[in-house]
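Asker: This is the structure, below, for whatever I ask next.
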Amino acid sequence: MNQRQHSAIAENLQQVRERIASSAALCARAPEEVTLLAVSKTKPASAIEEAIAAGQLAFGENYVQEGVEKVAAFAGHQPPLVWHFIGPLQSNKSRLVSESFDWCHTIDRLKIAQRLNEQRPAGRAPLQVLIQVNISDEQSKSGITLSEVSQLAAEIAAMQNLTLRGLMAIPAAESEYSRQLAVFSQMTEAYNQLKQHYPQVDTLSMGMTDDMPAAIAAGSTMVRIGTAIFGARDYSA
């Protein structure tokens with residue numbers, strides 16, 4: 205990676221952090237309340253190294269095999285990196301996620317939760333998990349309905365090797381800020397209800413490059429940003 209690209213990732217990260225801070229300030233929130241998750245899918249290890257050099261330690265991966273390889277490549281890094289699996293998860297890939305990742309954002313059915321719980325290696329900290337909500341009711345998206353959250357949360361909370369941390373959503377694309385805010389606010393309401401029952405719940409993962417300000421205004425505690433940090437993705441490989 206040449207020096208210009210190196211500078212670009214560092215500069216992009218700084219700009220994203222500034223956008224988070226300004227979005228938080230507009231709604232009287234502290235920027236520290238919002239965790240920046242750098243979505244590194246399809247990007248090489250060298251790009252992740254540049255982000256680490258710029259102070260980024262939390263990364264999100266969408267593809268199981270690619271993510272597992274990156275986790276292994278950076279094993280032993282100090283300070284430790286925190287790896288989040290944020291893509292759809294098939295049951296035949298659950299062992300790889302449970303063995304390699306620190307977080308899983310995309311639990312949408314009991315079977316997946318049970319497998320992740322059973323397959324978490326002995327001696328490792330519990331897998332930190334989020335329930336994925338299909339807030340826009342899209343046929344093409346994973347996730348459960350808001351009415352199903354309570355039941356799945358209770359089932360996950362009983363599992364020894366998982367820690368329920370909150371909710372995640374990928375709403376349908378909306379160009380209008382007011383529409384973005386309305387959809388995200390439904391998630392915030394569900395999240396606040398969940399927190400009343402489970403004191404460890406502290407994470408609402410929503411907001412990406414194009415809708416981050418509305419997500420933060422609604423109450424997001426974790427934004428998932430890829431393109432604005434690493435540039436456009438290359439899917440040709």
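The opening position of the sequence shown corresponds to residue 205 in my numbering, with each subsequent residue numbered one higher.
Think of the CB as a built atom: it goes at the ideal place given N, C-alpha and C, for glycine as much as any other residue.
Taking the DSSP output, what are the residues bridged to M372?
Answerer: According to DSSP, which records beta bridges pairwise, M372 is partnered with Q336 and S409.
Asker: In angstroms with no decimal places, state the Cα-to-Cα distance between P403 and A361.
Answerer: Straight-line Cα distance between these residues: approximately 11 angstroms.
Asker: Looking only at its own chain, which residues have a Cβ that is under 7 angstroms from the Cβ of I374, when we skip the five neighbours before and after it?
Answerer: Excluding sequence neighbours, I374 sits near K345.
Asker: Using CA coordinates, which residue listed in R383, R428, D406 and G271 is at the minimum distance from V333?
Answerer: Closest by alpha carbon: D406.
Asker: From P325 to V286, what does the alpha carbon distance come to, in whole angstroms?
Answerer: Those two C-alpha atoms are separated by around 17 angstroms.
Asker: Among the candidates L241, R233, A232 and L230, whose CA atom is the shortest distance from the CA of A432?
Answerer: Comparing Cα-Cα distances from A432 to each of L241, R233, A232 and L230, the minimum goes to L241.
Asker: Once you ignore the five residues that flank D415 on each side, which residues in its own chain have a CB closer than 6 angstroms to its CB?
Answerer: Hits under 6 angstroms: Q384.
Asker: Below 8 angstroms, can you find three or more Cβ-Cβ pairs linking the segment 261 to 277 to the segment 386 to 394?
Answerer: No: the two stretches stay apart, fewer than three of their Cβ pairs being nearer than 8 angstroms.
Asker: Which value, in whole angstroms, describes the spacing of the CA atoms of Q219 and S226?
Answerer: Cα to Cα, the separation comes out at about 10 angstroms.
Asker: According to the Cβ coordinates, are V243 and E215 closer than 9 angstroms?
Answerer: No, they are not a contact pair.
Asker: Comparing the C-beta of Q219 with each C-beta of chain D, is any distance below 9 angstroms?
Answerer: Any reference to chain D falls outside this structure, which holds one protein chain only.
Asker: So, using beta-carbon positions, are L320 and V301 closer together than 9 angstroms?
Answerer: Going by C-beta atoms, L320 is nearer than 9 angstroms to V301.
Asker: Could you give the DSSP three-state label for N206: helix, strand or coil?
Answerer: Residue confidence for N206 is low, a pLDDT of 49 falling below 50, so the modelled location carries little weight; the figure read from the coordinates is stated next. Looking at N206 - three-state DSSP - the assignment turns out to be coil, as it is neither helix nor strand.
Asker: Give me the residue from Q355, A377, E378 and S351 with the minimum Cα distance to L368.
Answerer: The shortest Cα separation from L368 among Q355, A377, E378 and S351 belongs to Q355.
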